[in-house]
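Asks: Protein chains in written order, with our numbering: chain A, 1 to 327; chain B, 328 to 654.
Beta carbons: idealized from backbone N, C-alpha and C, even for Gly.
#1: So, does the segment 11–28 of chain A touch the segment 67–85 of chain A, judging by three or more C-beta pairs under 8 Å?
#2: Given that residue 262/A touches chain B, what residues does it touch there, using C-beta distances under 8 Å?
#3: If residue 39/A and residue 238/A are in contact, beta carbons under 8 Å, what's the gap, nearest whole angstrom?
#4: Given a limit of 7 Å on CB to CB distance, which residues of the segment 592–616 of chain B reach chain A?
#5: For a quick check, are the C-beta atoms of residue 257/A and residue 307/A less than 8 Å apart?
#6: Are residue 537/B and residue 374/B closer than 8 Å when you measure CB to CB?
#7: Against residue 368/B, what residues of chain A qualify as contacts under a CB-to-CB distance less than 9 Å, listed in chain order?
#8: Using only the alpha-carbon positions, how far apart do residue 465/B and residue 199/A sit?
#9: Can you give the Cα-Cα distance for residue 635/B and residue 365/B, rounded to whole angstroms?
#10: Let me check one thing: in DSSP terms, what residues is residue 632/B bridge-paired to?
#11: Between the Cα of residue 566/B and the Cα atoms of 543/B, 394/B and 385/B, which residue gives the shortest distance?
#12: Please return the same chain residues whose Cβ sits closer than 6 Å to the Cβ of residue 97/A, not counting the five positions on each side in sequence.
#13: Return no unless some Cβ of chain C is closer than 8 Å to the Cβ of residue 85/A.
#14: Using 10 angstroms around the beta-carbon of residue 427/B, count the other beta-carbons present and answer buried if the total reaches 16, otherwise exposed.
#15: Got a sec, what are the start and stop residues for the beta strand (DSSP E) residue 559/B sits in?
#16: So, is the C-beta of residue 269/A closer than 8 Å to a C-beta in chain B?
#17: With a Cβ-Cβ cutoff of 8 Å, do residue 499/B and residue 418/B count as a contact?
#18: For residue 316/B, decide whether its Cβ has a neighbour in chain A, counting only Cβ atoms nearer than 8 Å.
#19: Could you give the residue range of the alpha helix (DSSP H) that holds residue 576/B?
#20: Against chain B, with Cβ distances strictly below 8 Å, would residue 222/A count as a contact?
#21: Using the Cα positions of residue 58/A and residue 280/A, report the straight-line distance between them to the nearest angstrom.
#22: In whole angstroms, what separates the C-alpha of residue 541/B from that of residue 585/B?
#23: Please report the residue range of the beta strand (DSSP E) in which residue 595/B lies.
#24: Out of curiosity, what's the CA-to-CA distance linking residue 112/A and residue 138/A?
#25: What residue does the alpha helix (DSSP H) around residue 36/A start on, and which one ends it?
#26: Output the boundary residues of the alpha helix (DSSP H) element that contains residue 180/A.
#27: Within a Cβ cutoff of 8 Å, which residues of the same chain sit near residue 310/B, ignoring the five residues on either side of it in sequence?
#28: For a test of the three-state rule: what should DSSP assign to residue 532/B, helix, strand or coil?
#29: List the residues of chain A whose Cβ lies closer than 8 Å to the Cβ of residue 581/B, in chain order.
#30: Beta-carbon within less than 8 Å of residue 132/A's beta-carbon, same chain only, minus the 5 sequence neighbours each way: which residues are those?
#31: Are the C-beta of residue 520/B and some C-beta of chain A separated by less than 8 Å?
#32: Would you say residue 590/B reaches chain A, if we count a Cβ-Cβ gap shorter than 8 Å as a contact?
#33: Have a look at residue 337/B and residue 561/B and give me their C-alpha separation to the nearest angstrom.
#34: Is there contact here, the segment 97–107 of chain A with the segment 165–178 of chain A, by at least three beta-carbon pairs under 8 Å?
#35: How long is the line joining the alpha carbons of residue 548/B and residue 517/B, rounded to whole angstroms?
#36: From which residue to which residue does the beta strand (DSSP E) around residue 160/A run?
Shown next as structure tokens:
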């Protein structure tokens, strides 16, 4: 198989929280535990999970916004997480990000034009004003924005328009890899569809590779080519979208899929999940899901399950599946 | 007699640039124990309708016309003292953010006992017992200990359970829930929604569920009301509206859901966005976004057309009916 475009190898990320300043071992939040993901060119890789499962932390680690506590990030086979700021610069240009809240991610005191020009001027200082102006216009039009918006300020736009401006900003510097962190969860239903379409069009036109982070599984089914399901900082299932939806293996994935509301008009029934997500400061021993899992046994409480590859290419971390207790 | 009857409700906001008509001509009834869903995008007036019912409009908003008959009394004519005996007593409210409802510096127990004592002449000990009983009903483990907890010690899902328990304390006849699960994760959303459904049935409580999620509404309510730009676009029995939507906006909302589209293809999208109150187009407010638009639509606002208990504010409602349900 060809080299993946970006690859995370055995990533761990811990955050120190509180503790006395002389304390040797400060209490830590273990946000990501031993996660390896590789994303190939042209893919739309989706990361799903509930709040606090580490999906955004992983995305930020990919982008270099956070430094992994252990593990490596590779871009086209070259390790980049250990590079200095200056050496990493070309990679910052190739990897761009779209954030969840378009009200917070655009500078309210800058015109749209200024916001869009900035990444260009930063990464390509040799461009003339005319070239920059043309580029802004081209990108704005390509995401369905009126180029005359440039003179206006972010507060003059609705949420959907702002999110399209954020997408335009990410596309300004011709990235290969775009990380979108919950780009549509702050938007209305009819606007969500518009933004998703813009993202899909851009992917087709510019040969983009996406890392798409969301908690909305119905969007994943539509948008993603491959899905990683995260729970409490670990990857519990990794599969093609089709495989995952037609045959979810991990008990947590099954619960997640069962919880999607549908237009069925059938009355809602209980999910069989009990208990709460444990705290990442005090991770359970063994499988992180065992206290909520209906199939957990003693081994699950003791031993951490590893991602194991199955015949159809899916990878699942579950003892019960491995032992054949569930299918 | 119906539990709640809203007749010809109009709400307006006087501003320096003239009077903004935020809600026009809203009519509906809710029987005892019946569940109604109000759906629409942000700014459609769905929350406003709910706040108008309990006369909780923020100044300078006012009910300019209409009657709100609840248990035989017109709430719109009541003064604050009278309203206080209804709000939080006969009608309870559940909001999107549980931290908005809960006081962060008081324990759960204090807040629950206070609520009960405000509306009923009972001792602290009696109130405590009722509080424990309600917490058990919403399936909070070790309820007695939880009474001593502060809101910040609970997770988001737990907080929303406490809010539901508080809403049920005074045995209300109706609950208004404004986006009760929007801030929660999918699995928690499913749990909370099915819990609310069970409790409403068990206590024969009427429910007004305000949400932008058509799928949730279809699985919880018996009646549905779709709002657009301050008017009712479509209303009727949930099954009829979902399976055979007659207003182009409702159709659009449903078609835009990723579940309704073939995976990987462009999503159906409603072009543009909802007009703001000060820039309402002439004629039907949906005309700039409508694919069925005709000449009449630019001049006249359509009336709600009654198609046998199922009503739609569209000139083409009857024709749309013929074309059958969406796949």
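Replies: Reading it off the structure:
#1: Yes, since at least three Cβ pairs between the segment 11–28 of chain A and the segment 67–85 of chain A fall closer than 8 Å, the two stretches touch.
#2: Locating residue 262/A in the first chain gives position 262, where the first residue counts as 1. Ordered by position in chain B, the residues that pass the 8 Å Cβ test against residue 262/A are 542, 545, 546 and 586.
#3: The residue you call residue 39/A lines up with position 39 of the first chain. The residue you call residue 238/A lines up with position 238 of the first chain. The beta-carbon distance between residue 39/A and residue 238/A, rounded to whole angstroms, is 11 Å. This is too long to meet the 8 Å contact definition.
#4: Per Cβ criterion, the list reads 593, 594, 595, 596, 597 and 600.
#5: Reading the first chain from its first residue, position 257 is the one you call residue 257/A. Reading the first chain from its first residue, position 307 is the one you call residue 307/A. It is not a contact, given that the beta carbons lie outside the stated cut-off.
#6: Residue 537/B sits at position 210 when you count from the first residue of the second chain. Residue 374/B sits at position 47 when you count from the first residue of the second chain. Their beta carbons are under 8 Å apart, which means residue 537/B touches residue 374/B by this criterion.
#7: Sequence index remark: in the second chain, residue 368/B carries index 41 (1-based). Close partners of residue 368/B in chain A (Cβ separation under 9 Å): 188, 189, 190 and 191.
#8: Taking the second chain and counting its residues from 1, the one referred to as residue 465/B is at position 138. Taking the first chain and counting its residues from 1, the one referred to as residue 199/A is at position 199. Note on geometry: alpha-carbon atoms of residue 465/B and residue 199/A lie some 41 Å from one another.
#9: In the second chain, residue 635/B corresponds to position 308, counting from 1. In the second chain, residue 365/B corresponds to position 38, counting from 1. Straight-line Cα distance between these residues: approximately 20 Å.
#10: For the purposes of this step, residue 632/B is taken as the residue at position 305 of the second chain. Answer is 639/B, bridged to residue 632/B.
#11: Locating residue 566/B in the second chain gives position 239, where the first residue counts as 1. Closest option to residue 566/B, judged by alpha-carbon separation, among 543/B, 394/B and 385/B: 543/B.
#12: Here the question's residue 97/A lines up with position 97 in the first chain. Once the five neighbours on either side are set aside, the close Cβ partners of residue 97/A are 63 and 179.
#13: No chain C appears in the structure shown, which is made up of the protein chains A and B.
#14: The residue labelled residue 427/B in the question sits at position 100 within the second chain. Classification of residue 427/B: exposed, given that the 10 Å Cβ count is below 16.
#15: In the second chain, counting from the first residue as 1, residue 559/B sits at position 232. Segment 558–564, the beta strand (DSSP E) holding residue 559/B.
#16: Your numbering for residue 269/A matches position 269 in the first chain. With 8 Å as the cut-off, residue 269/A counts as an interface residue toward chain B.
#17: Start at 1 with the first residue of the second chain, and residue 499/B comes out as number 172. Start at 1 with the first residue of the second chain, and residue 418/B comes out as number 91. Yes.
#18: Coverage of chain B is limited to positions 328 through 654, which leaves residue 316/B absent and any answer about it impossible.
#19: Position 249 of the second chain holds residue 576/B. Residues 575–582.
#20: By one-based count along the first chain, residue 222/A stands at place 222. True, the Cβ-Cβ gap to chain B drops below 8 Å.
#21: Counting from one through the first chain, the residue named residue 58/A turns up at place 58. Counting from one through the first chain, the residue named residue 280/A turns up at place 280. Roughly 15 Å separates the two Cα atoms.
#22: Stepping through the second chain from its first residue, residue 541/B is reached at position 214. Stepping through the second chain from its first residue, residue 585/B is reached at position 258. Using only the alpha carbons, I get a separation of about 12 Å.
#23: In the second chain, counting from the first residue as 1, residue 595/B sits at position 268. In the DSSP assignment, residue 595/B falls outside any beta strand (DSSP E) and carries neither an H nor an E.
#24: Counting from 1 along the first chain, the entry for residue 112/A is found at position 112. Counting from 1 along the first chain, the entry for residue 138/A is found at position 138. Roughly 14 Å separates the two Cα atoms.
#25: On the first chain, residue 36/A is found 36 positions in, with the first residue counted as 1. Segment 28–39 is the beta strand (DSSP E) holding residue 36/A; no alpha helix (DSSP H) there.
#26: The residue given as residue 180/A occupies position 180 in the first chain. Here residue 180/A belongs to no alpha helix (DSSP H); instead the beta strand (DSSP E) covers 177–181.
#27: An answer regarding residue 310/B cannot be provided, because it is not within the stretch 328 to 654 covered by chain B.
#28: Your numbering for residue 532/B matches position 205 in the second chain. When secondary structure is reduced to three states using DSSP, residue 532/B falls in the coil class, being assigned neither helix nor strand.
#29: The sequence position of residue 581/B within the second chain is 254, counting from 1. Close partners of residue 581/B in chain A (Cβ separation under 8 Å): 263.
#30: By 1-based counting over the first chain, the position of residue 132/A is 132. Closer than 8 Å at Cβ, skipping near neighbours: 117, 120 and 121.
#31: On the second chain, residue 520/B is found 193 positions in, with the first residue counted as 1. Yes, residue 520/B lies at the interface with chain A (some Cβ there is under 8 Å from its Cβ).
#32: Locating residue 590/B in the second chain gives position 263, counting from the first residue. Judged by the 8 Å Cβ criterion, residue 590/B is in contact with chain A.
#33: Counted from its first residue, the second chain places residue 337/B at position 10. Counted from its first residue, the second chain places residue 561/B at position 234. Looking at the two C-alpha atoms, the distance is approximately 17 Å.
#34: Inter-segment contact for the segment 97–107 of chain A and the segment 165–178 of chain A is present: three or more beta-carbon pairs are separated by less than 8 Å.
#35: For the purposes of this step, residue 548/B is identified with residue 221 of the second chain, where counting begins at 1. For the purposes of this step, residue 517/B is identified with residue 190 of the second chain, where counting begins at 1. C-alpha separation (whole angstroms): 14 Å.
#36: Within the first chain, numbered from 1, the residue matching residue 160/A stands at position 160. Looking at the DSSP string, residue 160/A is not in any beta strand (DSSP E); the run it does join, the alpha helix (DSSP H), is 159–171.
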